[in-house]
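Asker:
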Amino acid sequence: MKHTKLTLCALAVMFAAGQAFAHTGVRDQVTVTATAGANSYNGFTITHGCGGDSGDAYPVLGQSAVFPTGDRVVWRDAAGTVLGEGGGAGVFPTIVQVPDFDANGNPILDANGNPVTHPEDKGLNLGVNGYGSVSSAFTTAQEIIDPNALSPGVVEGLFWKDGAMEPKLNTITPFKVAVTKIIDPSVKQVNIRIGVINYCDLEKNAANDARGPYKQPKDAFERKIPLLASSAAPDQINVNGAPVYVSLPAGNGDNNRQDWWFAAPYGGSALYNDPELIQPTYWTTLTVINSSATGSRVVSVEPTGAAFDAILTGPNTRPFTKGNSNL
Ligand SMILES: [Cu+2]
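When you line the sequence shown up against mature numbering (1 follows the signal peptide of the UniProt record, and there is no 0), it's residues -22 to -1, 1 to 305, in that order.
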């Protein structure tokens, strides 16, 4: 039997149950002011296995995330209307003074001997840092940077692998962000949308799924964990009894088991365009509150399709995907 929609999480069910913060979200909101930013030691909350709201839940084996960064961002108002692309949209300060250089590469100085500068928009920088250690279900945490980006060296994505979230439990994948002050007093809240993928089905995709058995996942301590949880079975009493868990058949004949926690990327994406996997409206969102706002505007910023295609490519999503196809 094919499970073509296993990856879709039933939003209506979750809101009906009053679990508006379920799915994969962000642990803490961040509060800044007109004059001061804030460091936030934060994380993604993984609240169920792939496809886990209305039936079987596959254990999450890893996670990728792309943050809105640099000039590959789109700003929207509360209704979703595009306000602009790139930069800080006058909400976050992204303009910096850059020195002028002469033809020989030496800084140009003014009459007082001070460097001559000009303003440049260096793009959005959330100051993302990955955190190591076995503080989530996954042993490996990696930062993803793009050497060809507007500001090379800025972390644009994070990646976790080598472990598994037991499907009846939750986990938090840790990161730090350094959010700057908000310079537009009319903006009360910024919803920072992050494109997150939870991987569940190791090295299985449309090209190879029918071949070979599903590999039993292991947790960060190399312990085997159950393959599958089913909401149709009685509540779990203990793992050894495990009436809840059943094995998967060899190969499942369909796409990877993945949950994609983002809507269709702005501007289109060559890699992330599978309508079975894209959420209708839901994004994993970091909420930033401006405590010194005088207005009540809510704006959002999200990575563009170009950012997805540059950051979450095959090398940055392996071993869960191979190459740039069948993501
Ligand atoms: Cu959910």
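Backbone N, C-alpha and C define an ideal beta-carbon position, used for all residues, glycine too.
#1: Let me check understanding here. Comparing Cα to Cα, which of ASP55, THR158 and GLY173 lies closest to GLN236?
#2: With a CB to CB cut of under 7 Å and the five nearest residues on each side skipped, what residues in its chain are close to GLY131?
#3: For the beta strand (DSSP E) containing PHE137, list its first residue and its last residue.
#4: For the stretch 84 to 94 and the stretch 53 to 64, state whether three or more C-beta atom pairs, one from each stretch, are separated by less than 8 Å.
#5: Can you give me the start and stop residues for the alpha helix (DSSP H) that THR158 sits inside?
#6: Exposed or buried, what is LEU(-17) when buried is set at 16 or more other beta-carbons lying within 10 Å of its beta-carbon?
#7: Under a Cβ-count criterion, where at least 16 other Cβ atoms within 10 Å of its own Cβ denotes burial, should VAL222 be classed as buried or exposed?
#8: At a cut-off of 8 Å, would you count THR25 as near ligand 1, judging by its Cβ distance to the nearest heavy atom?
#9: Which same chain residues, not among the five before or five after VAL276, have their C-beta less than 6 Å away from its C-beta?
#10: Between the C-alpha atoms of PRO243 and PRO281, what's the straight-line distance to the nearest angstrom?
#11: Rounded C-beta distance between TYR260 and ALA285? I'm assuming under 8 Å.
#12: Tell me where the alpha helix (DSSP H) around ASP287 begins and ends.
#13: What residue ranges within the stretch 47 to 122 form continuous alpha helix (DSSP H) runs of no fewer than 4 residues, ordered along the chain?
#14: Are ILE150 and PHE22 close, meaning C-beta to C-beta below 9 Å?
#15: Could you give the distance in angstroms between the alpha-carbon of VAL51 and the alpha-carbon of THR299?
#16: Given this structure, state the Cα-to-Cα distance separating CYS28 from ILE73, to the nearest angstrom.
#17: Drop a sphere of 10 angstroms on the beta-carbon of GLN75, count the other beta-carbons inside from all chains shown, and report buried for 16 or more, exposed for fewer.
#18: Start and end of the alpha helix (DSSP H) containing GLY292?
#19: Alpha carbon to alpha carbon, what distance is there between VAL165 and GLY108?
#20: Compare the C-alpha of SER114 against each of ASP140, LYS100, GLN257 and LEU255 and name the closest.
#21: Does the Cβ of TYR19 have 16 or more other Cβ atoms within 10 Å, making it buried, or fewer, making it exposed?
#22: Would you say the beta carbon of HIS1 is closer than 8 Å to some non-hydrogen atom of ligand 1?
#23: For residue 325, is the classification buried or exposed, using 16 other Cβ atoms within 10 angstroms of its Cβ as the cut-off for buried?
#24: What residue range does the beta strand (DSSP E) around ASP237 cover?
#25: Sort out for me which residues DSSP pairs PRO152 with in a bridge.
#26: Could you tell me which whole beta strand (DSSP E) segments of length 3 or greater appear in the stretch 240 to 272?
#27: Please return the same chain residues whose Cβ sits closer than 7 Å to the Cβ of GLY110, not counting the five positions on each side in sequence.
Answerer: Quick answer:
#1: Within the sequence shown, residue 236 is the residue found at index 258, counting from 1. For the set ASP55, THR158 and GLY173, the Cα lying nearest the Cα of GLN236 is the one of GLY173.
#2: Position 153 of the sequence shown, counted from the start, is the residue given in the question as residue 131. These residues qualify, in order along the chain: ILE123.
#3: Looking up residue 137 in the sequence shown gives position 159. It spans 133 to 141 - the beta strand (DSSP E) in which PHE137 sits, taken as one unbroken run.
#4: No contact exists between the stretch 84 to 94 and the stretch 53 to 64.
#5: For the purposes of this step, residue 158 is taken as residue 180 along the sequence shown, with counting starting at 1. THR158: not part of any alpha helix (DSSP H); DSSP gives it neither H nor E.
#6: Walking along the sequence shown from the start, residue -17 turns up at place 6. For LEU(-17), the pLDDT reaches just 38, beneath the cut-off of 50, and the residue's location in the model is therefore unreliable, leaving the point undetermined.
#7: Counting from one through the sequence shown, the residue named residue 222 turns up at place 244. Residue placement at VAL222 is flagged as unreliable, the pLDDT there being 43, under the threshold of 50; a coordinate-derived value is accordingly withheld.
#8: Here residue 25 refers to the residue found at position 47 when the sequence shown is read from its first residue. True, at least one ligand heavy atom lies under 8 Å from that Cβ.
#9: Counting from one through the sequence shown, the residue named residue 276 turns up at place 298. Apart from the 5 residues on each side of it in sequence, VAL276 sits with its Cβ closer than 6 Å to the Cβ of ALA56 and GLN167 in its chain, given in chain order.
#10: Position 265 of the sequence shown holds residue 243. Position 303 of the sequence shown holds residue 281. Separation of PRO243 and PRO281 (C-alpha to C-alpha, rounded to the nearest whole angstrom) is 7 Å.
#11: The residue labelled residue 260 in the question sits at position 282 within the sequence shown. The residue labelled residue 285 in the question sits at position 307 within the sequence shown. Actually they do not touch by this definition, with Cβ atoms about 18 Å apart.
#12: On the sequence shown, position 309 is the one that residue 287 refers to. Boundaries of the alpha helix (DSSP H) around ASP287: 283 to 289.
#13: Complete alpha helix (DSSP H) runs here, min 4: none at all.
#14: Looking up residue 150 in the sequence shown gives position 172. Looking up residue 22 in the sequence shown gives position 44. Taking 9 Å as the Cβ cut-off, ILE150 and PHE22 qualify as a contacting pair.
#15: Within the sequence shown, residue 51 is the residue found at index 73, counting from 1. Within the sequence shown, residue 299 is the residue found at index 321, counting from 1. Here the alpha carbon of VAL51 sits roughly 25 Å from the alpha carbon of THR299.
#16: Looking up residue 28 in the sequence shown gives position 50. Looking up residue 73 in the sequence shown gives position 95. Cα to Cα, the separation comes out at about 40 Å.
#17: Position 97 of the sequence shown, counted from the start, is the residue given in the question as residue 75. By the neighbour-count criterion, in which 16 or more other beta carbons inside 10 Å mark a residue as buried, GLN75 falls on the exposed side.
#18: Along the sequence shown, one-based indexing puts residue 292 at 314. 292 to 295 is the extent of the alpha helix (DSSP H) around GLY292.
#19: Indexing the sequence shown from 1 puts residue 108 at position 130. Indexing the sequence shown from 1 puts residue 165 at position 187. Here the alpha carbon of GLY108 sits roughly 28 Å from the alpha carbon of VAL165.
#20: Locating residue 114 in the sequence shown gives position 136, where the first residue counts as 1. The option with the nearest alpha carbon to SER114 is ASP140.
#21: As a first step, residue 19 must be located in the sequence shown, where it is residue number 41. Exposed: under 16 other Cβ atoms inside 10 Å.
#22: Here residue 1 refers to the residue found at position 23 when the sequence shown is read from its first residue. Yes.
#23: Given that the chain is displayed from residue -22 to residue 305, the structure contains no residue 325 and the question cannot be resolved.
#24: Taking the sequence shown and counting its residues from 1, the one referred to as residue 237 is at position 259. 236 to 239 is the span of the beta strand (DSSP E), which, as asked, contains ASP237.
#25: Walking along the sequence shown from the start, residue 152 turns up at place 174. According to the DSSP secondary-structure assignment, PRO152 is paired through a beta bridge with GLY21.
#26: If we require 3 residues or more, the beta strand (DSSP E) runs fully inside the stretch 240 to 272 come out as 262 to 268.
#27: Here residue 110 corresponds to residue number 132 of the sequence shown, with the count starting at 1. ALA119, listed in sequence order.
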